[in-house]
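Below: the structure, in structure tokens.
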Amino acid sequence: MKKSSKEFHNELDLLSRLNHAHLLNLLGYCEDGNERLLVYEFMAHGSLYQHLHGKDPNLKKRLNWARRVTIAVQAARRIEYLHGYACPPVIHRDIKSSNILIDEDHNARVADFGLSILGPADSGTPLSELPAGTLGYLDPEYYRLHYLTTKSDVYSFGVVLLEILSGRKAIDMQFEEGNIVEWAVPLIKAGDFFAILDPALSPPSDLEALKKIASVACKCVRMRGRDRPLMDKVTTALEHALALLMGSPCVEQPILPTEVVLGSSRMHKVSQMSSNHSCSENELAEGEDQRIEYRAPSWIAFPSVASSQRRKSSASEADIAGRTTTDGRNIGRSIGDGLRSLEEEIGPASPQENLYLQNNF
């Protein structure tokens with residue numbers, strides 16, 4: 001993949017910082033004068049864009065509802081990792097269906113970090129940046145005001161969700177409403193949900209899952225960034241929708257296979273529910289107002305001395321267990337007195353690190 005000099009070095013720098021099972025892996029690079037080349041692992045099934053909008057109609061039909069929602073969940077997890085667990089956080093700035101690739105096992109990989117930028121530790125603090133990205137996916141608040149936050153990626157991902165549901169491109173001028181957001185959101189809010197579903201596929205027997213995804217998409221593409229949900233809440237809502245689609249509204253285990261990075265596993269903790277009480281619409285809410293499930297990330301990467309302390313992605317994760325400075329010191333003592341000085345320099349362990357240690361040692 002050939003890149004401009006700025007994009008080339010930016011992507012090379014960012015990919016050297018990131019470590020996740022389903023980000024596209026960089027195999028190597030070459031820079032010789034004006035010739036620059038990044039070499040990635042081969043993605044056997046191309047991009048989500050090719051499946052949804054390619055010339056082969058059979059390719060779209062093979063991407064059934066279960067696979068579409070699975071890809072949405074996997075992509076959401078990758079973006080959640082960038083926003084909440086990378087240190088410092090990363091704003092992708094170019095989330096779109098053509099940058100969601102599908103490997104030979106039909107797992108989604110987020111690709112193309114040429115426009116990505118390191119964000120502030122406080123996700124609510126905007127950066128002043130000139131607009132960059134792809135029309136149709138570009139956050140209108142970022143475009144107008146030059147305010148860039150992680151919520152700009154949330155908007156772009158909301159557009160991808162609408163693509164997955166409808167099979168329409170983000171911008172398609174053969175329709176009267178060329179912009180997918182301007183077309184789909186009014187129909188969803190008016191209750192005309194069937195009008196947005198991809199006609200290439202038969203509707204599933206249980207429409208609740210797709211209705212939840214449509215609701216999440218509408219929240220993601222709200223005009224004001226502060227009104228959009230965080231990616232961890234988007235991921236939780238999509239996981240619940242996938243469980244419904246698979247016929248398991250009250251799953252105790254994740255629907256998708258466990259992801260392993262650096263020997264750690266993706267751990268789930270589900271709140272207690274009575275066995276005779278089914279999961280109602282309110283219990284499986286879209287994920288903006290409540291979280292039934294607290295999830296540790298599918299990776300573990302302890303901070304370097306330079307990056308003194310990992311940020312917390314959201315208040316709900318901080319509530320998993322109140323951590324004090326003594327927690328980190330106890331971990332240091334259990335491993336050995338030799339780590340005390342380093343542990344004090346790094347700072348107290350984050351909730352994610354403590355969860356990993358508790359479940360793996």
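With the first letter of the sequence shown counted as 1, position 158 gets the number 158 in UniProt numbering; the numbers rise by one all the way through. No residue lacks a Cβ here, since even glycine has one placed at the ideal position from N, Cα and C. As the structure is a computational prediction, the values presented were derived from the model and not from experiment.
Beta carbon of residue i, beta carbon of residue j: below 8 Å?
i, j, result
"Leu165", "Ala217", "yes"
"Leu52", "Ile100", "no"
"Cys220", "Gly158", "yes"
"Lys55", "Leu201", "no"
"Thr235", "Glu80", "yes"
"Asp112", "Asp94", "yes"
"His146", "Ser116", "no"
"Leu26", "Leu37", "no"
"Glu163", "Ile180", "yes"
"Val110", "Ala75", "yes"
"Gly114", "Glu11", "yes"
"Thr150", "Met43", "no"
Can you tell me the Cα-Cα spacing of residue i and residue j, whole angstroms?
i, j, result
"Arg77", "Leu238", "10 Å"
"Asp319", "Lys233", "Because Asp319 sits at a pLDDT of 44, beneath the cut-off of 50, its placement in the model cannot be relied upon, and the following sentence gives the value as read from the coordinates. Cα-Cα distance, rounded: 15 Å."
"Asn107", "Leu242", "15 Å"
"Ala132", "Asp198", "29 Å"
"His9", "Gly84", "23 Å"
"Pro203", "Glu35", "49 Å"
"Cys30", "Leu118", "24 Å"
"Leu18", "Leu24", "10 Å"
"Asp192", "Glu182", "14 Å"
"Ser5", "Gly225", "31 Å"
"Lys169", "Glu176", "13 Å"
"Pro57", "Gly247", "28 Å"
"Pro186", "Val160", "17 Å"
"His240", "Met173", "34 Å"
"Asp13", "Ser215", "36 Å"
"Pro120", "Asp32", "33 Å"
"Pro89", "Arg144", "23 Å"
"Val154", "Leu82", "12 Å"
"Lys211", "Ala190", "13 Å"
"Phe194", "Ala66", "17 Å"
With a threshold of 7 Å on Cβ separation, who are the neighbours of residue i within its own chain once the five nearest residues in sequence on each side are excluded?
i, result
"Leu148", "Ile91, Pro126, Leu127, Glu129, Tyr142"
Relative to the C-alpha of residue i, which candidate in the options has its C-alpha closest?
i, options, result
"Asp227", "Ser152, Tyr40, Ser97", "Ser152"
"Thr70", "Val39, Met231, Ile213", "Ile213"
"Leu245", "Arg68, Val160, Ala44, Val185", "Arg68"
"Ala184", "Lys211, Glu176, Ile196", "Ile196"
"Ser156", "Trp65, Met223, Pro186", "Met223"
"Gly46", "Ala170, Glu176, Ile102, Leu161", "Ile102"
"Leu59", "Gly167, Val154, Pro89", "Gly167"
Counting only the same chain and skipping the five closest in sequence on each side, list residues whose C-beta sits under 6 Å from that of residue i.
i, result
"Lys96", "Thr134, Tyr137"
"Ser205", "none"
"Asn64", "none"
"Val39", "Leu27, Gly28"
"Glu7", "Gly114"
"Ser98", "Ser47, Tyr49"
CB-CB under 8 Å to residue i, same chain, minus the five flanking residues each way: which ones, in chain order?
i, result
"Ile171", "Leu135, Gly136, Gly178, Asn179, Ile180"
"Leu207", "Phe193"
Can you tell me whether residue i sits near the ligand ADP, meaning its C-beta is under 7 Å from at least one heavy atom of the ligand?
i, result
"Lys61", "The ligand ADP is not part of the structure shown, which contains no ligands of any sort."
Please specify which runs of the beta strand (DSSP E), each continuous and at least 3 residues long, are wholly inside the region 25-80, giving them in chain order.
26-32, 35-40
Ignoring anything shorter than 3 residues or poking outside the region 101-175, list the beta strand (DSSP E) runs there in chain order.
108-110
Sequence ranges, beta strand (DSSP E) only - wholly within the region 210-245, length at least 3
none
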